[in-house]
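Residue 80 in my numbering is what sits at position 74 of the sequence shown, and the numbering runs on without skipping anything. Inspection log for the structure reproduced underneath, given as structure tokens.
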Amino acid sequence: MAKMISKASLVPPKDLFIQIRVLKDCGNLLTTSGVITLEKDSQHFVRRTDVEHLISQGHVIHELRLILILMLILLNNFYDAYFLFQGAEKIT
């Protein structure tokens, strides 16, 4: 009989390695590559699986997500400034 392929196996994996920024001191973390020290405001390039629990707890943030948040903030401010300059009211 042919082996069935599940839909889960067709989904590509998330990024293996990600850039993170530490939001709270977490001390030493044992990873698959060794021990790293997670101090507040430090940045690291790590395996996603090694830090997923820290991301979900809010102790670290995926840098890409941080960049997207900052871009949205800047775009929103640009949007406000544009309508202020044009003398028009912003659509809410």
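Quick reminder that beta carbons are idealized off the backbone N, C-alpha and C, glycines included. These numbers come from a predicted model, not from an experiment.
Got a sec? Which residues, its chain only, sit under 8 Å from residue i by beta carbon, not counting five neighbours each side?
{"i": "Gly33", "result": "Thr43, Leu44"}
{"i": "Asp21", "result": "Arg54"}
{"i": "Lys46", "result": "Val28, Leu29, Lys30, Asp31"}
Which residues mark the beginning and the end of the alpha helix (DSSP H) in which residue i is found?
{"i": "Thr55", "result": "54-63"}
If I measure Cβ to Cβ from residue i and keep anything under 7 Å in the same chain, skipping five residues before and after, which residues do I get?
{"i": "Val57", "result": "Ile26, Val66"}
{"i": "Thr37", "result": "Val52, Arg53, Asp56"}
Name the two residues that bound the continuous beta strand (DSSP E) containing residue i.
{"i": "Thr37", "result": "33-37"}
In terms of DSSP beta bridges, what is residue i paired with?
{"i": "Ile75", "result": "Bridge partners of Ile75: none, in fact."}
{"i": "Phe23", "result": "Arg53"}
{"i": "Leu44", "result": "Gly33"}
Between residue i and residue j, which are expected to be in contact by the criterion C-beta below 8 Å, what is the C-beta distance as a whole number of angstroms?
{"i": "Ile61", "j": "His68", "result": "6 Å"}
So, at 6 Å on beta carbons, what are the nonlocal neighbours of residue i in its own chain, with the 5 sequence-adjacent residues on each side left out?
{"i": "Leu35", "result": "Ile42, Leu44"}
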